[in-house]
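Participant: Okay, handing you the structure first.
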Amino acid sequence: MESLQTIIATCAPEAGLSSRIIPFASGTSLKERLSANPVLMAPMAGVSDGVYRTMARAGGAGLAYSEMVSVAGIHYGGDKTWELVEPLATEPDIAVQLFGSKPDQFKEAAAQISERLGDKLALIDINMACPVPKVVKKGEGSALLDTPELAADLVKACLSEVSVPVTVKIRRGRRQDEEVAPEFARAMEAAGASAVAIHGRFATQMYRGQAEWETVNRVCDAVSIPVIGSGDMLSAEAAAHALTETGVTAVMIARGTYGNPWIFKNTQALVEGQPVLVPTLDQMLASFMMHVRLLDAADIHIARARSLSTWYFRGIPNAAYWRGKSVKCVTAQDFIDLALEIKETVKRLEGEQEFPEHNLPMS
Ligand SMILES: Cc1cc2nc3c(=O)[nH]c(=O)nc-3n(C[C@H](O)[C@H](O)[C@H](O)COP(=O)(O)O)c2cc1C
């Protein structure tokens, strides 16, 4: 089996991605780091595994988050929980996001993660944004927006155990039209948080409506720590707009990364007035194959390649036909053979062509 590093070295150039994931110099503060590269990969449950994060870093992300990890899961010592936390050899460092509501469990989780990850732990983020009923009814995720004192205790609990920055991710408020984000962010800053990420929707909105950037600006005005904006950055243009037109220090991109690892570098390019990379069909398929090979080498369930094929194959002529074929793929080699077949077929029919950057609106 090829090593992850070999796969990156051989596949990244063809995919228009970087074959060198450059670590940040140790001693760089979070503020300096965010200023140097303000485009981050957001936490995504069921998506942001080590390979997904590696692809994001190869695409230029300044930092990539784990999915939200249960502090109770760490407490009970589940291997599955630790799988979410362990970085791959290809990752210089990661941000680990925790959720829960018990200060003691946060203390324990922070200490164990810090010990296990060492230099590979860039920061600990606390989820105060998740709107899922199963989480909220236990007083976790966005329910913490109603209990700022407990939320502050969670920040302090982590800080007592780690030397890396502790940050929080919040929403605009829990219930429609009850905005708490600015004062809540101020309370988290007072508790010692080094940055606040804000998704500009109320928790009860889930993903409905639009993220509200005026709220994000109000949070920026309320605190002096860096603010990381999240919400509806489905294209490099939208992310660059947020960076240049709002007060945020950085942005974190979630759904816009689907089948689009170039979005990170392209966002930076737009901010700097540089040309963007519009991936060709060859680059899209090379990126898909690189991702599949990394999943295989990292021993991550290859079923993840199914959603990848949906994301990468949109925009390809006859996409529905190819997606139908991808449903029948079982092994990594099946997915790679399919990508090669697409490449050959499309080339034969149309010759090489360019495809626009993905701007697919999500539900
Ligand atoms: C599939 C999926 C899983 C997510 N999981 C998490 C999570 O584990 N923790 C978290 O804080 N946010 C999570 N989010 C929210 C995103 O981090 C982000 O704040 C939100 O999707 C808005 O950004 P976007 O418009 O760029 O998608 C998730 C979003 C998606 C789409």
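Sequential numbering of the sequence shown, starting at 1, is according to this note's numbering.
For glycine and all other residues, C-beta sits at the position ideal for the given N, C-alpha and C.
Is the beta carbon of Val-271 less than 9 Å from the beta carbon of Thr-244?
Facilitator: Your numbering for residue 271 matches position 271 in the sequence shown. Your numbering for residue 244 matches position 244 in the sequence shown. Yes, they are a contact pair.
Participant: Output the distance between the C-alpha atoms of Asn-266 and Thr-331, rounded to the nearest integer angstrom.
Facilitator: Here residue 266 refers to the residue found at position 266 when the sequence shown is read from its first residue. Here residue 331 refers to the residue found at position 331 when the sequence shown is read from its first residue. In a straight line, the C-alpha of Asn-266 is about 32 Å away from that of Thr-331.
Participant: Would you check if the distance between the CB atom of Ile-302 and the CB atom of Trp-322 is smaller than 9 Å?
Facilitator: Translated into the one-based positions of the sequence shown, residue 302 becomes position 302. Translated into the one-based positions of the sequence shown, residue 322 becomes position 322. Against a cut-off of 9 Å, the Cβ pair of Trp-322 and Ile-302 comes out as no contact.
Participant: Cα-Cα, which of Ile-94, Pro-43 and Val-51 is closest to Leu-117?
Facilitator: On the sequence shown, position 117 is the one that residue 117 refers to. Leu-117 has its Cα closest to that of Ile-94, out of Ile-94, Pro-43 and Val-51.
Participant: Quick one: Cα of Val-227 to Cα of Ile-198, how far?
Facilitator: By 1-based counting over the sequence shown, the position of residue 227 is 227. By 1-based counting over the sequence shown, the position of residue 198 is 198. Looking at the two C-alpha atoms, the distance is approximately 7 Å.
Participant: Quick one: does the C-beta of Cys-130 sit closer than 8 Å to a heavy atom of ligand 1?
Facilitator: Reading the sequence shown from its first residue, position 130 is the one you call residue 130. Yes, the beta carbon of Cys-130 sits closer than 8 Å to at least one heavy atom of ligand 1.
Participant: Determine the burial state of Ser-363: buried for a count of at least 16 other Cβ atoms within 10 Å of its Cβ, exposed for fewer.
Facilitator: The count along the sequence shown starts at 1 and reaches residue 363 at position 363. Residue confidence is low: Ser-363 scores 27 on pLDDT, short of 50, so the model does not pin down where it sits. Its coordinate-derived value is still stated next. Ser-363 should be labelled exposed.
Participant: Taking the alpha-carbon of Glu-178 as reference, which of Gln-97, Ile-316 and Phe-202 has the nearest alpha-carbon?
Facilitator: Counting from 1 along the sequence shown, the entry for residue 178 is found at position 178. Of Gln-97, Ile-316 and Phe-202, the residue nearest in Cα terms is Phe-202.
Participant: At what residue ranges does the stretch 192-251 contain a whole run of the alpha helix (DSSP H), taking only runs of 4 or more?
Facilitator: 213-222 and 236-245
Participant: Taking the straight line between their C-alpha atoms, what separation do you get for Met-284 and Ala-9?
Facilitator: As a working mapping, residue 284 is identified with position 284 in the sequence shown. As a working mapping, residue 9 is identified with position 9 in the sequence shown. Cα-Cα distance, rounded: 17 Å.
Participant: If you run the structure through DSSP and keep just helix, strand and coil, what is Lys-169?
Facilitator: The residue labelled residue 169 in the question sits at position 169 within the sequence shown. In the structure shown, Lys-169 adopts extended strand secondary structure according to DSSP, grouped into three states.
Participant: Rounded to whole angstroms, how far is the Cβ of Gly-200 from the Cβ of Arg-172, which I believe are closer than 8 Å?
Facilitator: The count along the sequence shown starts at 1 and reaches residue 200 at position 200. The count along the sequence shown starts at 1 and reaches residue 172 at position 172. The pair is a contact, with the Cβ atoms about 5 Å apart (cut-off 8 Å).
Participant: Would you call Gln-205 buried or exposed, if buried means 16 or more other Cβ atoms sit within 10 Å of its Cβ?
Facilitator: Within the sequence shown, numbered from 1, the residue matching residue 205 stands at position 205. Label assigned to Gln-205: buried.
Participant: Ligand 1 and Leu-234: does any heavy atom of the ligand fall closer than 8 Å to the residue's C-beta?
Facilitator: Translated into positions along the sequence shown, residue 234 becomes position 234. Leu-234 Cβ: within cutoff of ligand 1.
Participant: Just the C-alpha distance for Lys-328 and Gly-256, rounded to the nearest angstrom, thanks.
Facilitator: The residue you call residue 328 lines up with position 328 of the sequence shown. The residue you call residue 256 lines up with position 256 of the sequence shown. Approximately 26 Å, taken between the alpha carbons.
Participant: Does the beta-carbon of Thr-6 have 16 or more other beta-carbons within 10 angstroms, so that it is buried, or is it exposed?
Facilitator: Taking the first residue of the sequence shown as 1, we reach residue 6 at position 6. Exposed is the label assigned to Thr-6, since fewer than 16 other Cβ atoms lie within 10 Å of its Cβ.
Participant: How far does the beta strand (DSSP E) with Asp-282 in it extend, from its first residue to its last?
Facilitator: Locating residue 282 in the sequence shown gives position 282, counting from the first residue. Per DSSP, Asp-282 belongs to no beta strand (DSSP E); it is in the alpha helix (DSSP H), 281-297.
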